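Colleague: This structure is in structure tokens; I'll ask about it shortly.
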DNA sequence: GGACACGGTTGACATGGATCAACCCCCAAA
DNA sequence: TTTGGGGGTTGATCCATGTCAACCGTGTCC
């Protein structure tokens with residue numbers, strides 16, 4: 045008996061959602077799991093959601109139920125102070141998790157906004173906790189992911205606390221390049237998804253300062269910028285700027 | 045048959061180390077556990093260690109095996125860049141956990157140094173993971189603690205990225221005050237354990253700037269400073285400085 | 001008790017990045 | 001083709017904080 049069209053469609057959707065078929069499984073939560081364990085993880089990830097550019101995945105203050113794995117696309121997270129100031133706390137790309145900040149108070153503590161049309165997998169957190177009590181590898185990997193986030197944040201604190209404008213931008217570009225590489229994209233050429241203002245907010249700088257630093261890097265032959273398109277021409281040069289702090 | 049002196053001593057040491065007798069249990073890892081669960085947690089925390097002022101609890105690069113709960117005392121953590129720059133990433137006090145950053149790579153990513161004579165409980169991490177696969181409340185609380193660390197780091201990023209010197213120092217003092225209060229100490233009067241340079245490093249400022257800001261707060265009647273002794277005289281005033289960003 | 005060292009304070013000056021403002025570029029919609 | 005708006009660039013100026021330097025206070029070791 046042939047499958048009905050409807051059933052076919054569902055089954056394709058399921059296949060597409062499965063962690064075991066996801067090309068991000070080596071970066072994402074399923075890392076290190078056996079086929080059978082991954083199948084169990086798949087069971088609890090049955091919602092995938094499209095988020096259009098500019099839309100919020102969640103907002104600060106909303107109650108926390110799930111974390112999200114980015115299947116495709118690009119996000120920023122930002123926090124808002126009562127007095128109106130805000131700051132971008134991170135840019136997230138495919139294979140990275142969003143929402144870990146919500147565990148502590150059971151409410152999200154920041155906003156997550158898509159910077160391009162994106163897709164995320166919903167991971168209901170209490171079910172993830174249940175499963176990670178049964179699968180040691182999942183438990184341990186999840187702890188590593190959280191810890192990595194802490195280490196990353198320390199890096200940003202370092203950047204904000206001790207680096208000058210051009211050092212910060214060089215560090216930012218090298219970090220992006222390295223993350224694109226890890227995802228199989230060109231390490232030398234990419235489109236920025238965020239505005240100068242968002243970069244500045246993340247780096248603790250004003251947009252004009254970011255713009256000037258880009259221009260300066262271009263003059264020095266380190267990069268080629270055209271609007272959001274970046275070509276990195278001299279990685280060692282950027283590294284030197286980053287770590288050569290007495291001008 | 046009377047207990048031998050040796051046995052007595054051991055038994056006292058055990059009692060003193062037990063989470064169930066620790067007055068920090070409401071702040072620390074045992075939070076929310078039943079008596080029986082706490083007893084199981086106790087089983088794996090059988091090493092307590094004294095760290096003298098100035099000594100390292102661990103150093104960046106050392107392999108990671110345990111996390112540490114501070115029983116008494118005061119620590120700082122700092123990270124070092126290859127080019128020699130370093131930054132204090134946090135100050136930790138009784139009831140707080142140290143070492144979470146080491147989970148991700150299985151090596152510590154920062155140094156932890158005692159700022160006064162201190163005592164910590166060793167918590168072997170793999171045993172903690174084993175136990176938290178069995179005790180849901182422990183698992184969940186541990187996740188909350190890690191998440192809280194992420195949220196805290198976002199707060200510091202905010203501070204470093206958007207606040208001016210006096211706002212940063214006001215935020216720092218209010219944070220310390222609040223944490224002392226939570227531990228049953230005076231919220232208005234305490235001794236700083238760290239130097240102006242360490243405060244500056246944490247806040248992304250030079251020590252002279254920190255010193256000037258202290259003097260300014262004193263002139264304005266917000267605090268009374270004498271060396272490391274601080275008396276907070278006007279909490280609302282400090283809050284206003286913190287959030288009133290157009291001078 | 002004197003001297004030394006370390007941490008802290010204060011002043012004078014330098015400077016990196018913020019601010020304010022003009023203008024440009026790119027693209028989309030009329 | 002024109003118009004409008006958002007994002008980006010660049011210049012002139014200002015100011016908060018860094019830098020450099022002198023000096024002070026406190027505690028410690030001869």
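Protein chains in written order, with this note's numbering: chain A, 45 to 291; chain B, 45 to 291. For every residue, glycine included, the Cβ atom is placed at its ideal position computed from N, Cα and C. Nothing here was measured: the structure is a model prediction, and the numbers come from that model.
So, under 8 angstroms CB-CB, residue 294(B) and residue 105(B) are touching, yes? Tell me the CB distance rounded to an integer number of Å.
Modeller: The shown model of chain B, from 45 to 291, leaves out residue 294(B), and the question about it has no answer.
Colleague: Is there a Cβ of chain A sitting closer than 7 angstroms to that of residue 238(B), yes or no?
Modeller: Residue numbering aside, residue 238(B) sits at position 194 when the second chain is read from its first letter. No, no contact with chain A.
Colleague: If you drop the 5 nearest sequence neighbours on each side, which residues of the same chain put their C-beta closer than 7 angstroms to that of residue 210(A)?
Modeller: Residue mapping note: residue 210(A) aligns to position 166 of the first chain, counting from 1. Correct list, in chain order: 257, 260, 285.
Colleague: Which runs of the alpha helix (DSSP H) spanning at least 4 residues fall entirely within the segment 222–255 of chain B, listed in chain order?
Modeller: Restricted to the segment 222–255 of chain B, the alpha helix (DSSP H) segments that are unbroken, complete and at least 4 residues in length are 240–247, listed in chain order.
Colleague: Considering only the alpha carbon of each residue, which of 128(B), 157(B), 288(B) lies closest to residue 97(B)?
Modeller: By 1-based counting over the second chain, the position of residue 97(B) is 53. Measuring from the Cα of residue 97(B), the nearest candidate turns out to be 157(B).
Colleague: Residue 265(B) to residue 237(B), Cα distance in whole Å?
Modeller: Within the second chain, residue 265(B) is the residue found at index 221, counting from 1. Within the second chain, residue 237(B) is the residue found at index 193, counting from 1. So the two alpha carbons sit approximately 22 angstroms from each other.
Colleague: List the endpoints of the continuous beta strand (DSSP E) containing residue 191(A).
Modeller: Here the question's residue 191(A) lines up with position 147 in the first chain. No beta strand (DSSP E) contains residue 191(A), which is instead part of the alpha helix (DSSP H) from 180–206.
Colleague: Looking only at its own chain, which residues have a Cβ that is under 6 angstroms from the Cβ of residue 160(A), when we skip the five neighbours before and after it?
Modeller: The residue labelled residue 160(A) in the question sits at position 116 within the first chain. Cβ within range, chain order: 97, 117, 118, 237.
Colleague: Thinking C-beta only, is residue 63(A) closer than 7 angstroms to residue 139(A)?
Modeller: Position 95 of the first chain, counted from the start, is the residue given in the question as residue 139(A). Position 19 of the first chain, counted from the start, is the residue given in the question as residue 63(A). Cβ distance not < 7 angstroms, so residue 139(A) and residue 63(A) don't count as in contact.
Colleague: Mind checking who residue 160(B) pairs with in its DSSP beta bridge?
Modeller: Within the second chain, residue 160(B) is the residue found at index 116, counting from 1. Paired residue(s): 118(B).
Colleague: Identify whether residue 110(B) lies in helix, strand or coil by the three-state DSSP scheme.
Modeller: Here the question's residue 110(B) lines up with position 66 in the second chain. The answer is strand: DSSP assigns residue 110(B) an E or B state.
Colleague: Check residue 134(A) in the structure and name its three-state DSSP category.
Modeller: Numbered from 1 along the first chain, position 90 holds the residue referred to as residue 134(A). Looking at residue 134(A) - three-state DSSP - the assignment turns out to be strand.
Colleague: Could you check whether the Cβ of residue 166(A) sits closer than 7 angstroms to any Cβ belonging to chain B?
Modeller: Along the first chain, read from residue 1 onward, the residue named residue 166(A) stands at position 122. So no, residue 166(A) is outside the interface.
Colleague: May I ask you to list, following chain order, the residues of the segment 63–88 of chain A that have a beta carbon less than 8 angstroms from some beta carbon of chain B?
Modeller: Among the residues of the segment 63–88 of chain A, none has a Cβ less than 8 angstroms away from any Cβ of chain B.
Colleague: Please confirm if residue 250(A) has its CB atom under 7 angstroms from at least one CB of chain B.
Modeller: For the purposes of this step, residue 250(A) is identified with residue 206 of the first chain, where counting begins at 1. Taking Cβ atoms only, chain B never reaches closer than 7 angstroms to residue 250(A), which makes this a no.
Colleague: What is the DSSP secondary structure of residue 271(A), counted as helix, strand or coil?
Modeller: Counting from 1 along the first chain, the entry for residue 271(A) is found at position 227. Residue 271(A) falls in the coil class under three-state DSSP.
Colleague: If I follow the unbroken beta strand (DSSP E) through residue 101(A), where does it start and stop?
Modeller: Taking the first residue of the first chain as 1, we reach residue 101(A) at position 57. Segment 100–102, the beta strand (DSSP E) holding residue 101(A).
Colleague: According to DSSP, is residue 63(A) helix, strand or coil?
Modeller: Position 19 of the first chain, counted from the start, is the residue given in the question as residue 63(A). Of the three classes helix, strand and coil, the one that applies to residue 63(A) here is helix, per DSSP.
Colleague: So if I threshold CB-CB distances at 7 angstroms, which residues from the segment 188–211 of chain B count as touching chain A?
Modeller: 188, 190, 191, 192, 193, 194, 195, 197, 198, 200, 201, 202, 204, 205, 206
Colleague: Check this for me: beta carbons of residue 191(B) and residue 191(A), under 7 angstroms apart or not?
Modeller: Here residue 191(B) is taken as the residue at index 147 of the second chain, counted from 1. Here residue 191(A) is taken as the residue at index 147 of the first chain, counted from 1. No. Outside cutoff.
Colleague: Could you tell me whether the segment 238–248 of chain B touches the segment 181–198 of chain A, using the rule of 3 or more Cβ pairs below 8 angstroms?
Modeller: no
Colleague: By the 7 angstroms beta-carbon criterion, what residues does the segment 101–128 of chain B contribute toward chain A?
Modeller: 123, 125, 126, 127
Colleague: Excluding the 5 residues preceding and the 5 following residue 1(B) in the sequence, name in chain order all residues of the same chain whose CB lies nearer than 7 angstroms to its CB.
Modeller: The structure shown does not extend to residue 1(B), since chain B is modelled only from 45 through 291, so no value can be given for it.
Colleague: Going by alpha carbons, who is nearest to residue 271(A) out of 125(A), 262(A), 89(A), 199(A)?
Modeller: On the first chain, residue 271(A) is found 227 positions in, with the first residue counted as 1. That would be 262(A), whose Cα lies nearest to the Cα of residue 271(A).
Colleague: Is it true that the CB of residue 154(B) sits closer than 7 angstroms to the CB of residue 92(B)?
Modeller: Residue mapping note: residue 92(B) aligns to position 48 of the second chain, counting from 1. Residue mapping note: residue 154(B) aligns to position 110 of the second chain, counting from 1. Not closer than 7 angstroms, so no.
Colleague: Give a yes or no on whether the minimum CB-CB distance between residue 147(B) and chain A is below 7 angstroms.
Modeller: Here residue 147(B) refers to the residue found at position 103 when the second chain is read from its first residue. Closer than 7 angstroms: yes.
Colleague: Please classify residue 56(B): is it buried, with 16 or more other beta-carbons within 10 angstroms of its beta-carbon, or exposed?
Modeller: As a position in the second chain, residue 56(B) is number 12, starting the count at 1. Because the pLDDT at residue 56(B) is just 46, under 50, the model does not fix this residue reliably, and the point stays unresolved.
Colleague: Is the separation between the beta-carbon of residue 132(B) and that of residue 198(A) shorter than 7 angstroms?
Modeller: As a first step, residue 132(B) is located in the second chain; it is residue number 88 there, counting from the start. As a first step, residue 198(A) is located in the first chain; it is residue number 154 there, counting from the start. Cβ distance not < 7 angstroms, so residue 132(B) and residue 198(A) don't count as in contact.
Colleague: So, are the CB atoms of residue 194(A) and residue 89(A) less than 7 angstroms apart?
Modeller: The residue given as residue 194(A) occupies position 150 in the first chain. The residue given as residue 89(A) occupies position 45 in the first chain. In this structure, residue 89(A) does not lie closer than 7 angstroms to residue 194(A) by Cβ.
Colleague: Do we get a CB-CB distance below 7 angstroms when we pair residue 171(B) with the residues of chain A?
Modeller: Reading the second chain from its first residue, position 127 is the one you call residue 171(B). No, residue 171(B) does not count as interfacial toward chain A.
Colleague: Name, please, each residue of chain B whose Cβ falls closer than 7 angstroms to the Cβ of residue 184(A).
Modeller: One-based indexing of the first chain puts residue 184(A) at position 140. Under a criterion of Cβ atoms nearer than 7 angstroms, the residues of chain B adjacent to residue 184(A) are, in order, 173.
Colleague: Apart from the five residues just before and just after residue 254(B), which ones in its own chain have a Cβ nearer than 6 angstroms to its Cβ?
Modeller: Here residue 254(B) refers to the residue found at position 210 when the second chain is read from its first residue. Closer than 6 angstroms at Cβ, skipping near neighbours: 240, 243, 244.
Colleague: Exposed or buried, what is residue 145(B) when buried is set at 16 or more other beta-carbons lying within 10 Å of its beta-carbon?
Modeller: Position 101 of the second chain holds residue 145(B). Buried is the call here.
Colleague: I need the straight-line Cα distance from residue 229(A) to residue 246(A), nearest angstrom please.
Modeller: Taking the first residue of the first chain as position 1, residue 229(A) is located at position 185. Taking the first residue of the first chain as position 1, residue 246(A) is located at position 202. Approximately 23 angstroms between the Cα atoms of the pair.
Colleague: At what residues does the beta strand (DSSP E) containing residue 279(A) begin and finish?
Modeller: Here residue 279(A) corresponds to residue number 235 of the first chain, with the count starting at 1. First-last for residue 279(A): 279–287, but that is the alpha helix (DSSP H), not the beta strand (DSSP E).
Colleague: Within 10 angstroms of the Cβ of residue 162(B), are there 16 or more other Cβ atoms? Answer buried if so, exposed if not.
Modeller: In the second chain, the residue the question calls residue 162(B) occupies position 118. The residue is buried, with at least 16 neighbouring Cβ atoms inside 10 Å.
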